[in-house]
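Heads up, the thing below is written out as structure tokens.
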Amino acid sequence: MPKSVFIAVLMTVLATTFSYAGIPAFPGAEGFGSDTIGGRGGTVIHVTTLADSGPGSLRAAVEATGPRIIVFDVSGTIVLENMLVLRNSHVTIAGQTSPGGISVAGATFSVWAHDVIIRHMHFRTGTANVVYNRDSNGDIIYYDRPQYSFPPDGGVCQGNVTTAASGMPCAIAGGANPETLDTFSIYGGTMQSWFSGADAHNIIIDHCSFSWGVDETVTLGTGAHDITIQWSIIAEGLGYAGHPKGEHSKGLLLSYKYGGVNRISVHKNYMTGSQARQPLISGGDRQPGDFVDVRNNIIKNGFKNGNSTFEYDGAGNAIGNWFKKTSSAYNTFSGWNTYGTPSEYNHIYLEGNRGTDLNINPADPEWNIQVLYPAAWTPETWRKATPYEVPSEYRPRTFTASEEFANCVVNRVGAMVPVVDSVDQRLKTDWSSNSYIIPRNISYPEDYPTYASTSPQADTDSDGMPDAWEIARGTKPTIADDALYTLNARYTNIEVYINELADSAISVDAACMNVIQPPTIESIITSE
1 MPKSVFIAVL MTVLATTFSY AGIPAFPGAE GFGSDTIGGR GGTVIHVTTL
51 ADSGPGSLRA AVEATGPRII VFDVSGTIVL ENMLVLRNSH VTIAGQTSPG
101 GISVAGATFS VWAHDVIIRH MHFRTGTANV VYNRDSNGDI IYYDRPQYSF
151 PPDGGVCQGN VTTAASGMPC AIAGGANPET LDTFSIYGGT MQSWFSGADA
201 HNIIIDHCSF SWGVDETVTL GTGAHDITIQ WSIIAEGLGY AGHPKGEHSK
251 GLLLSYKYGG VNRISVHKNY MTGSQARQPL ISGGDRQPGD FVDVRNNIIK
301 NGFKNGNSTF EYDGAGNAIG NWFKKTSSAY NTFSGWNTYG TPSEYNHIYL
351 EGNRGTDLNI NPADPEWNIQ VLYPAAWTPE TWRKATPYEV PSEYRPRTFT
401 ASEEFANCVV NRVGAMVPVV DSVDQRLKTD WSSNSYIIPR NISYPEDYPT
451 YASTSPQADT DSDGMPDAWE IARGTKPTIA DDALYTLNAR YTNIEVYINE
501 LADSAISVDA ACMNVIQPPT IESIITSE
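In my numbering, the protein residues as written are 1 to 528.
Below, the structure written as structure tokens:
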């Protein structure tokens, strides 16, 4: 290549790279993962089948290489036969492009890559691939175990488990390993050979719905960093679904084990229907300075062993979260708590956490936290007087926690485009009640929502933008111009399209608009 041409190409690449700096992944993206570029400028890949694998499958699109934007021409549930790992970086998964809605079930969807955007997807693992041991009548075999202690074999629900009068049933499962069957996970790869090649950072998850994990529903760990989870639902970790610890039912785990997590933003999510870990910020291998930022989440309590917890080396900010305590028999603690022996690293900053039945000390209302274990430690052991610093460009808009704010958030979380499915609608309706149900196991297809099988709009050039939309916008429906910047200087044409689709989720109750109104792609285009 002639030197002059090489320099010209290099300058173009550098200019493009620098031009991405500070540009939100999409209008309304906030937090430490907000400026990821995802698959910007890459190949558009159409998912055309609900099959687990093969041409046109989600697995084929996820396992492809190079920058790519994944769109959906189909609606329905994709039942994974085994774990699906996103290893190759620079990906946008646009669930909002499905004509009738898309869900992923059966196995874990795991992200080990960097620069990833995932929006408006339903992830509902369930027990489709868990093979239960059954008796001669075909019924699942259960063993009893004490509610608050492990059985004599160390907590594994197999073998000679002592039956107790206060015992709770524990399903015995084979097939898929229930102890590692998360719904969704993000791993950075640090310190563990089995995550070799994982490099999770610069990731944003927006308006997704996660439920029915057998182990965790959502897990982040092993060095994952610079990640946002926003405007999503994390719900209904399964109880007695085959996990060796019995009624596991866990929500969100942010784990410092095996390399820690750092610069994780968890904001404006709705967590409900899990026995614990809503969320759990857990220790092990936290490095000095690592922290998470958990703010403005809506948490419906329904637990017995602690719900929103900083454990061992867990450290971070908990700001403006709203807790709702139900009348469930599970309720023992409400709000934030600590567990485990403190270390020099784990410090907690609390501010503005409010809700129903919180233990508020009028003399010190911000420091509303309880010590679960060991009782010898006082809450002051963990207290941080000032927040961990979140640079202004990564600091999510922060609102005063109130019942009004909570109602507004619940109204617009989760996968909403093209449809709010029946599970999410039930969870949103349940918010206003004091009911609380932890499902035991979920079978496919009988327990899953259905999605209208609607044909996709015509897209002559297969660039991911429907012909009618391109004609209305003045782009060319017969020439693939998805990667061009015809419509906006910051977002490619297809990004303008998929962001417009996502913006339709913002059409919520007018009373909430002043509370939570984010920018839209239309407002950005018209202001330039």
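Glycine residues also receive a C-beta, built at the ideal position from the N, C-alpha and C atoms.
Keep in mind it's a predicted model, so treat the numbers as computed, not measured.
It is roughly 6 Å from the alpha-carbon of Gly355 to the alpha-carbon of Lys324. By alpha-carbon distance to Glu344, the top candidate from Phe210, Lys384, Ile369, Leu427 is Lys384. Inter-residue distance for Ser432 and His225 is about 34 Å (C-alpha atoms, whole angstroms). Gly237 places its beta carbon less than 8 Å from that of Gln275. Counting other Cβ atoms within 10 Å of its Cβ, Thr127 reaches 16 or more and is therefore classed as buried. In terms of Cβ geometry, His120 and Asn202 do not form a close pair [threshold 8 Å]. One Cα belongs to Val47, the other to Gly340, and the distance between them is close to 46 Å. Residue burial is scored here from C-beta neighbours: Asp293 has at least 16 other C-beta atoms within 10 angstroms and is therefore classed as buried.
In terms of Cβ geometry, Ile234 and Gly251 form a close pair [threshold 8 Å].
By the Cβ test, the region 394-411 is not in contact with the region 71-82, since fewer than three Cβ pairs between them sit closer than 8 Å.
Taking the Cα of Asp430 as reference, the smallest distance to any Cα among Ala472, Arg440, Asn411 is reached at Asn411. The C-beta distance from Gly66 to Tyr451 rounds to 29 Å, too long to meet the 8 Å contact threshold. By the CB criterion at 8 Å, Asp461 and Ala480 fall inside the cutoff.
Residue state for Gly95 is assigned as helix, using DSSP reduced to three classes. In the three-state DSSP reduction, Phe399 falls in the coil class, being neither helix nor strand. Here Gln278 is buried. Its C-beta has 16 or more other C-beta atoms within 10 Å. The secondary-structure analysis by DSSP pairs Leu252 across a beta bridge with Val218. Here the C-alpha atom of Tyr444 lies approximately 15 Å from the C-alpha atom of His122. Gly316 has its alpha-carbon roughly 10 Å from the corresponding atom of Arg295. Here the region 406-423 makes no contact with the region 305-314; the two share fewer than three CB pairs at distances below 8 Å. For the options Ile369, Thr43, Asn321, Thr486, the alpha carbon positioned closest to that of Thr338 is the one of Ile369.
Nearest to Val85 by alpha-carbon distance, out of Thr381, Trp112, Ala94, Ile281, is Trp112. Thr228 sits away from Asp182, with the two beta carbons spaced by 8 Å or more. For Trp112, there is no enclosing beta strand (DSSP E), as DSSP marks it with neither H nor E.
Scanning Lys476, Thr492, Pro477 for the CA closest to the CA of Ala483 turns up Thr492. As DSSP reads the structure, Phe323 sits in a beta bridge with Ile299, Gly355. For Ser453, the three-state secondary structure derived from DSSP is coil. Distance from the CA atom of Gly31 to the CA atom of Thr108, rounded to whole angstroms, is 25 Å. In the DSSP assignment, Met271 forms a beta bridge with Ile234, Ile299. In this structure, Asn129 is the residue among Gly189, Thr43, Asn129 with its C-alpha nearest to the C-alpha of Asn441. Judged by beta-carbon spacing, Asn346 lies within the 8 Å limit of Trp382, meaning their Cβ atoms are closer than that value. If you check the CB distance, Ile438 and Ser136 do not come in under 8 Å. Shown here, Asp481 sits in coil according to DSSP, grouped into three states, outside any helix or strand. In the structure shown, the three-state DSSP call for Thr381 is helix. DSSP assignment within the region 43-91 yields the following whole alpha helix (DSSP H) runs of 4 residues or more, N-terminal first: 58-63. In terms of CA proximity to Asp357, Asn434 leads the group Asp290, Leu427, Asn434, Ser282.
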